[in-house]
């Protein structure tokens, strides 16, 4: 079986419909439909039911999903094993949101290199959809994200709870969201809590999908926004940022996602180090 057909099948599951899958695969929707039709012909059964709500798996599709996952992961693991640089016994790919790399996963890298110098590490920045897709396909071994989607064959483990705080560059800023407010897209859970806390907020003049961009903007040009306390603690101590006493804080949980059967001698070791470093960082920032 062509692994491209199995990969397309898994992408449709992750994306929810053929149109979104085509966008992720950078092909036309008709190409996705043709691949699924070819796969269904090879298997002799229908894999999806299309309706107004999206695309749902048939019983045969649900039965085929673990086989497709195994097929794609086997090919990807073979590529990893063959492609491991000389002198290394294995490789592990870690993906995470930009904000979770900053001052967290970034700190893990030298610890991992020191503990297991014979394992090659690939570090990637991506959003939740891309991370989940990489985990499903076996291209990513560990994903750290805010709002993971539950998928068969993946473990979703709570890692930490971010405290998002409202900070400003002026200590006399009016009630939030104030002038020059920068809205950071921390995901749907934050958006829901933000809307409930500020029902009259009409929308920002400037928004960013990466916290680093928003934070550097307000530090350079002034303004306000919501950021993880661990990222702005030094700026608050130095007096470059200020907290507004009337602004609510938001809790945003972050998760570590990995396969149900991680390779214990490689992925398992990296998981343990990420957990240990996270506990240390949270203890220091408490």
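Residue numbers (full-length UniProt numbering): 1 to 286.
Quick reminder that beta carbons are idealized off the backbone N, C-alpha and C, glycines included.
Express the C-alpha separation of residue j and residue i in angstroms, rounding to a whole number.
i	j	result
residue 126	residue 204	24 Å
residue 266	residue 254	22 Å
residue 132	residue 149	7 Å
residue 49	residue 13	12 Å
residue 8	residue 54	16 Å
residue 244	residue 76	49 Å
residue 263	residue 122	16 Å
residue 97	residue 238	27 Å
residue 278	residue 52	42 Å
residue 168	residue 188	23 Å
residue 211	residue 20	26 Å
Measure the CB-CB distance between residue i and residue j and report whether it falls below 8 Å.
i	j	result
residue 166	residue 226	yes
residue 270	residue 107	no
residue 230	residue 281	yes
residue 153	residue 224	no
residue 222	residue 180	yes
residue 34	residue 45	no
residue 142	residue 256	yes
residue 40	residue 47	yes
residue 252	residue 186	yes
residue 198	residue 164	no
Could you tell me how far apart the beta carbons of residue i and residue j are, in whole angstroms, since I believe they sit closer than 8 Å?
i	j	result
residue 182	residue 219	Their Cβ separation, rounded to whole angstroms, is 11 Å, which puts residue 182 and residue 219 out of contact at 8 Å.
residue 18	residue 27	Incorrect: roughly 11 Å between the Cβ atoms, too far for contact.
residue 10	residue 72	6 Å
Can you check DSSP and say which residues form a bridge with residue i?
i	result
residue 157	256
residue 228	164
residue 143	95, 257
residue 55	50
residue 181	224
residue 244	Beta-bridge pairing links residue 244 to no other residue.
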